[in-house]
Amino acid sequence: MEKNKYPFYFIVVALLSLFLGINFGLIAGFQYVIPDFIKEMLSFNAVRPLHTLFVVSWILLAAIGGIYYYITTNPSLKIFNYKLIKWHFWIFIITGIGIAISYLSKNFAGKEYLEFPSYFYFPIVLGWILFGINYFKSMLPSFKKWPVYYYMWSTGIVLMIFHFTEAHLWLLPYFRDNYIQNIAIQWKSGGSYVGSWNMLVYGTALFVMEKISGENSYATSKKAFFFYFLGLTNLMFGWAHHIYMVPTAPWIRYFAYMISMTEWIILLSIIYDWKKNLSQEKKIQFSIAYKFMILADLWVFLNIILALLISIPSINLFTHGTHITVAHSMGTTIGINTLILFSSITFIFNEAFTFTENIIKKLKKGIQIFHISFILFWITLLIMGLKKSIWLFSNSTENFGKFQDSQHILHLTFVVFGIGMIVGLGIIIYNLLLILLKNKTQLQQ
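Heads up: the sequence shown runs through residues 52 to 496, numbered per my numbering.
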């Protein structure tokens, strides 16, 4: 497994990034409750981008590590160049450390969500280009026989490069000097950037479902390919529901509203069919991966309801910029993406290593603590967002400071449930890393 160790390195760093990300999120929560909490050492304007950096790194690194593992262990594929995987890994690690240092030193020279200095654009894109070269050189010989997840991964890689570049067009005077155009492109690229990594994550979900069931019908069905093209349409146009308040062409808003979040309905249907037809034997054999995928299915359902509501322009006007938007993004990144990626990682570990009964028991306990805490955390965000929306549009004479003070109990509840999430995820991460540690000699063979 010596040649195949770098996919596991990606996964290890992904798990550590998730742990750092949720802890920075907790620190931000503490600063809501206690505004001066470690403010001098780590202010909120540094904590927020650090939280975003590590959570996004978790999603991307876990997806990339999974894809590398799946293609390098496929006996029918010949990997173009193993060294490119190694270079990709180290470019991303060194760049990530550099970005973290820039945030800690309060060097914010970018845009929202990508606040890092613009020169980091080059190594990040280089890493994606190396990934793309290796992927396509390895995969193109079998192009005619591709199941849908290969199309999704290839689309995700290409469009990550495109939309990450688009997110940096503001560096050019032509875009930077036009305020409306600048804002529209910023939010457009951000929405499409998320859509691109969704291609990687949802493709991973379909791959894992196929391998657990042993049936390739899910990844080659008309429904799966319809889901792919619907997801691609969402990626290309669905971003517009983020910019209802920007004066863009009306047809863009209407079209975005019609297709917004529809891809989740198809994903919900695919996972439901898979769950219904999966044998009891397979559910037991891959019990942890199965449990994560079923929980992801629940969050697809919950987020469909929330997303469809906040995509209605008249509702979006009231919810935009409140904690309801945060609940939506949390439902996506943690409820859907994170749970799918945990399903992928536990499937890989289940296949490569041995799961003891004790480890399975601890992982299930961690899942239980995490999921109960997360549901309560999500509900708290919705309540906080609703209260802020009422305050904003009720012509209240109460100033913002007093309003924030009135939210103190909710902020405290938010932190308590956040701690519960960290405990649950910490148990899961620790035990997954423990499995790797116990099998490190196997990786070096």
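Here a beta-carbon is modelled for each residue, glycine too, at the ideal position from N, C-alpha and C.
Fair warning: this is a prediction, and the values are worked out from it, not measured in the lab.
Check, Outcome
"Let me know if M287 comes out buried or exposed under the rule of 16 or more other beta-carbons within 10 Å of its beta-carbon.", "exposed"
"Check whether the Cβ atoms of T271 and S395 lie closer than 8 Å to each other.", "no"
"Whose C-alpha, out of I339, M472, F258 and K453, is nearest the C-alpha of E408?", "I339"
"Does DSSP put K157 in a helix, a strand or coil?", "coil"
"Looking at L128 and V199, is the spacing between their C-beta atoms short of 8 Å?", "no"
"Who are the Cβ neighbours of V209 in its own chain at under 7 Å, not counting the five residues just before and after it?", "G183"
"Taking A151 as the reference, which of P192, F105 and Y121 has the closest Cα?", "F105"
"Do N354 and I361 have their beta-carbon atoms positioned less than 8 Å apart in this structure?", "no"
"Report the partner residues of K162 according to the DSSP bridge assignment.", "L165"
"Buried or exposed: which applies to N285, given that a residue is buried once 16 or more other Cβ atoms fall within 10 Å of its Cβ?", "buried"
"Do you know how far the Cα of G207 is from the Cα of S243?", "10 Å"
"With H, G and I counted as helix, E and B as strand and the rest as coil, what does DSSP make of M92?", "coil"
"According to DSSP, simplified to helix, strand and coil, what is T373?", "coil"
"According to the neighbour-count rule (16 or more other Cβ atoms, all chains shown, within 10 Å of its Cβ), is E261 buried or exposed?", "buried"
"Do you know how far the Cα of Y60 is from the Cα of F140?", "8 Å"
"Taking all protein chains shown into account, decide if I460 is buried (16 or more other Cβ within 10 angstroms of its Cβ) or exposed.", "exposed"
"Give the DSSP-derived three-state secondary structure of G265 in the structure shown.", "coil"
"On the three-pair Cβ rule with 8 Å, is the region 227 to 242 touching the region 92 to 111?", "no"
"Need the endpoints of the alpha helix (DSSP H) that Y200 sits in, please.", "V199 to E217"
"Can at least three beta-carbon pairs, one atom from the region 460 to 469 and one from the region 399 to 406, be found at a separation below 8 Å?", "no"
"Check for me: the alpha helix (DSSP H) holding T431 runs from which residue to which?", "E408 to F444"
"Please report the straight-line C-alpha distance between I316 and L346, rounded to a whole angstrom.", "15 Å"
"Taking buried to mean at least 16 other C-beta atoms within 10 Å of its own C-beta, is G265 buried or exposed?", "exposed"
"Do the region 425 to 440 and the region 466 to 473 touch if we need at least three Cβ pairs shorter than 8 Å?", "yes"
"S205 and Y186 - do their beta-carbons sit closer together than 8 Å?", "yes"
"In its own chain, which residues sit with a C-beta less than 8 Å from the C-beta of L319, not counting the 5 before and 5 after it?", "D348, V351, F352 and I355"
"Quick check on DSSP: helix, strand or coil for I363?", "coil"
"Please classify D324: does DSSP put it in a helix, a strand, or coil?", "helix"
"For W221, does the count of other Cβ atoms within 10 angstroms reach 16, so buried, or fall short, so exposed?", "buried"
"Under 8 Å, do I212 and I180 count as touching if we go by C-beta distance?", "yes"
"Verify whether the separation of the beta carbon atoms of W248 and L414 is less than 8 Å.", "no"
"Can you tell which of I486, M250, K327 and M435 has the C-alpha that lies nearest to the C-alpha of T373?", "M435"
"Of the choices S330, F143 and L66, whose alpha-carbon is the least far from that of L392?", "L66"
"Given that a residue counts as buried once 16 or more other Cβ atoms are within 10 Å of its Cβ, and exposed if not, what is I335?", "exposed"
"Would DSSP call L223 helix, strand or coil?", "coil"
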